[in-house]
Amino acid sequence: EIKRGQLLPELENVIFKMREGEISDLVRSSYGYHIVKVDKVVPGKTQPFDEVKAQIRNFLAQKKKKTQYKEWMDDLKKEAYIEVSLFQEDDENPAVAQAGARETAFLPETSRSRERSRTPSSGNSDFLLEDWQEGFFQASGSTSVQKEPLGQDLKAMERKLSDLKKLRNDHKISEKEYQKRKQRLLDQL
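Position one of the sequence shown corresponds to residue 4 (our numbering), numbered consecutively onward.
Encoded structure:
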């Protein structure tokens, strides 16, 4: 006895179109060529509801669980706040510390020791710029980093504030993190 879904689609298409006692022409499948003979056709029947009630209940319960889970995950994704901190303290993440040691081996000793003392909350992009400027001015013989004129400084700060607002509005950072970073920027004035 053969039921739908047990054979290759090529064979099923031919078999279920045939009548009792018929012999098919050559049927080509991925396994080769076949000749099929139908000995007996057993008509399908409807199962009583009592027999399939438990299966239907399980199917509907699974479907409802999947729907609720998907909605829950979508809500979590909308409300999620994920912050990637590339600059953790050495003792917090030894793997990063090891990689960082290899990458900073070429830097002057003062720059390496200063880098380790920084915390994730201390404006990552700002200290990278400061390190670059310090290295540049040391190489050129100058002893200090020159500040930009106040007007340009304010424009840069305004740009940073608008970037922070965009991150907050896109739910990339939390309101608390936004306020903390905003205050840090304003403290620089």
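Beta carbons: idealized from backbone N, C-alpha and C, even for Gly.
As assigned by DSSP and simplified to three states, the class of residue i
i      : result
Arg31  : strand
Lys43  : coil
Lys175 : coil
Tyr36  : strand
Ile5   : coil
Arg119 : Confidence in Arg119 is poor, its pLDDT being 42 and thus under 50, which makes the residue's placement unreliable; the coordinate value appears in the next sentence. It is helical.
Glu151 : Only weak support is given to the placement of Glu151: the predicted model assigns it a pLDDT of 48, under 50, and the value that follows is read from those uncertain coordinates. Correct three-state label for Glu151: coil.
Leu110 : Low per-residue confidence applies at Leu110: pLDDT is 47, beneath 50, and the placement is therefore not dependable enough to give any value.
Gly126 : In this prediction, Gly126 scores a pLDDT of 47, lower than 50, which makes its location untrustworthy; no coordinate-derived value is stated.
Ser143 : With a pLDDT of 48 at Ser143, under the threshold of 50, the modelled position of that residue is not reliable, and no figure is offered here.
Identity of the residue in the options nearest residue i by Cα
i      : options                       : result
Ala159 : Leu188, Asn172, Ile59, Glu178 : Leu188
Lys6   : Tyr34, Ser32, Lys48           : Lys48
Ala83  : Tyr34, Tyr181, Ser177         : Ser177
Asp173 : Lys80, Arg60, Lys67           : Lys80
Asp156 : Gln191, Lys183, Gln182        : Gln191
Pro46  : Lys73, Arg162, Asp28, Met21   : Met21
Sub-8 Å separation of residue i and residue j beta-carbons
i      : j      : result
Val44  : Glu23  : yes
Leu167 : Lys179 : no
Ser32  : Leu63  : no
Val30  : Glu4   : no
Original post:
Is the segment 32-39 in contact with the segment 14-21, if contact means three or more CB pairs nearer than 8 Å?
Top reply: The segment 32-39 makes contact with the segment 14-21: 3 or more CB pairs, one atom from each, lie closer than 8 Å.
Subject >> Entirely enclosed alpha helix (DSSP H) segments - the segment 46-84, minimum 4 residues >> reply: 52-82
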